[in-house]
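Everything below concerns the one structure shown next.
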Amino acid sequence: MAAETPREELENEIEDLKRQLQRAKSLLERRNDDSCQTKHKHNDFSSLSSSHSLFLLSDSALPLGSFAYSSGLESYILHNKPLQTHTNPIASFHNFLRLSLSSVAGTTLPYVLKAHRHPDQLEALDDELDASTLCSVARRASVAQGMALLIVWERSFRASYKSHHLQNGSNEDAGDIPLSRPQLAAAVLHSFSESIKQPSDEDDDDEALLNWHANGHLGPLWGVICVAMGVDLRQAAYLFMLNHTKAVSSAAVRASVMGPYHAQEILASRALQDMIVQSIEKEWDTEPEDAGQVVPVIDLWVGRHELLYSRIFNS
Numbered sequence: 001m002a003a004e005t006p007r008e009e010l011e012n013e014i015e016d017l018k019r020q021l022q023r024a025k026s027l028l029e030r031r032n033d034d035s036c037q038t039k040h041k042h043n044d045f046s047s048l049s050s051s052h053s054l055f056l057l058s059d060s061a062l063p064l065g066s067f068a069y070s071s072g073l074e075s076y077i078l079h080n081k082p083l084q085t086h087t088n089p090i091a092s093f094h095n096f097l098r099l100s101l102s103s104v105a106g107t108t109l110p111y112v113l114k115a116h117r118h119p120d121q122l123e124a125l126d127d128e129l130d131a132s133t134l135c136s137v138a139r140r141a142s143v144a145q146g147m148a149l150l151i152v153w154e155r156s157f158r159a160s161y162k163s164h165h166l167q168n169g170s171n172e173d174a175g176d177i178p179l180s181r182p183q184l185a186a187a188v189l190h191s192f193s194e195s196i197k198q199p200s201d202e203d204d205d206d207e208a209l210l211n212w213h214a215n216g217h218l219g220p221l222w223g224v225i226c227v228a229m230g231v232d233l234r235q236a237a238y239l240f241m242l243n244h245t246k247a248v249s250s251a252a253v254r255a256s257v258m259g260p261y262h263a264q265e266i267l268a269s270r271a272l273q274d275m276i277v278q279s280i281e282k283e284w285d286t287e288p289e290d291a292g293q294v295v296p297v298i299d300l301w302v303g304r305h306e307l308l309y310s311r312i313f314n315s
């Protein structure tokens, strides 16, 4: 039959097949584009959800009471008066900020990282951090801000993130379905909060009460709450260090060390970004048992804060 078909008919048939193939390719590309757009849209919303959590946790209006603490800055200023002739207040503040960031990275950041990686170890990490914090003033500040963060989670964030990540809180109706990391973190936070509010009935004897170690330090709670809110590990660590810097720079403004514009210039500087990143990289693999105060003079300044004749901060 093919030999009997005229050449023109064969060429026309080939052209028709080419047009059909081209239409099929165009339709396939259109459907692929629609699928990619849907996928990108979903990823964009997921990214926005994570960013939204970061914006909430970085809000200067977050009621943690950080404005009441100077992290030793006030004591540092008063113990270094008068300044040496070649040192101005801004240079002196930069020196303190560098030491303060190193101190927080060495003492607390490993607990933030460990709590984020293993939310179920919150109570043990809180206990270890409490035992390793020798300065009573620093300990009180850490617990006060940690408990404030836990209250913010319970009263403000938990209900919203429960609808995003959780299955009815404790996941009691889920059968054998394992908890996701945000669900696990939220369940741990609920259990930790309940243990602080009301110790178990078994803790009636004196020995049990002496061994009761639920405190609520900021570092471990920060790590677990970031898991519950969908913030990844590196972002959680960076924001923890940045928030500490914001608290110290805010204290510097209120102590008349610098103006608000200069403080914002410091926060926006590349030097600060590099300092935070280097601190995180240095402590990235540090286990809590290896954490410790790398700037002992910070504990001296913080500890002597209560001995100041007059003061405007709690620490």
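In UniProt numbering, the protein residues as written are 1 to 315.
Even for Gly, the Cβ is constructed at its ideal location relative to N, Cα and C.
Since this is a predicted model, take the numbers as computed values, not measurements.
Quick check on DSSP: helix, strand or coil for residue i?
i, result
"E154", "helix"
"R311", "coil"
"C135", "coil"
"Q145", "helix"
"N215", "coil"
"G230", "coil"
"V224", "helix"
"P296", "helix"
"L125", "helix"
"L21", "helix"
"H305", "helix"
"S160", "helix"
"S180", "coil"
In angstroms, rounded to a whole number, what distance separates the CA positions of residue i and residue j?
i, j, result
"D120", "G230", "16 Å"
"P178", "A185", "13 Å"
"H79", "L54", "36 Å"
"P220", "L27", "53 Å"
"N122", "I280", "Per the sequence shown, the amino acid found at residue 122 is Leu instead of Asn. Going from the Cα of L122 to the Cα of I280 covers about 20 Å."
"L21", "E13", "12 Å"
"E74", "M258", "13 Å"
"T107", "A131", "12 Å"
"V294", "E194", "34 Å"
"I266", "L272", "7 Å"
"A268", "A115", "28 Å"
"A291", "F240", "16 Å"
"N81", "I298", "The sequence shown places Lys at residue 81, rather than the Asn named in the question. K81 and I298: Cα-Cα distance of roughly 17 Å."
"P296", "L101", "13 Å"
"M147", "L300", "25 Å"
"K282", "R254", "31 Å"
"L10", "L17", "11 Å"
"V224", "R158", "13 Å"
"A252", "F93", "8 Å"
"S156", "A228", "13 Å"
"S191", "H86", "54 Å"
"L307", "S51", "42 Å"
"H262", "G216", "34 Å"
Measuring alpha carbon to alpha carbon, tell me which of the options ends up nearest residue i.
i, options, result
"Q264", "P178, H52, Q22, N243", "N243"
"F67", "L300, G219, A144", "A144"
"R181", "C226, L221, R158", "C226"
"S249", "Q183, A148, N95, E306", "N95"
"F313", "E29, L62, Y69", "Y69"
"K197", "D59, E154, E306", "E154"
"L129", "W301, E289, L307", "E289"
"V137", "Y309, I77, R311, R304", "R304"
"K246", "E8, S71, H52", "S71"
"R311", "K25, I77, T108", "I77"
"Y238", "A24, E9, L57, K25", "L57"
"I276", "E9, G65, R98", "R98"
"G162", "A187, R139, R7, R140", "Note on residue identity: the sequence assigns Lys, not Gly, to residue 162. Nearest of A187, R139, R7, R140 to K162, Cα basis: A187."
"R234", "L109, S92, P89, H52", "L109"
"L218", "T87, D16, I151", "I151"
"Q90", "E306, P260, E287", "It should be pointed out that residue 90 corresponds to Ile in this sequence rather than to Gln. Looking at the Cα atoms, P260 is the closest of the given residues."
"T286", "A141, L113, Q183, R7", "L113"
I want to check one thing, is the minimum distance from the CB of residue i to the heavy atoms of the ligand ADP below 6 Å?
i, result
"S310", "What this structure holds is no ligand at all, so the ligand ADP is not there to describe."
Entirely enclosed alpha helix (DSSP H) segments - the region 50-120, minimum 4 residues: 73-79, 89-107, 109-117
In chain order, each alpha helix (DSSP H) run of at least 4 residues that lies wholly inside the region 238-292: 260-268, 270-283, all fully within the region 238-292.
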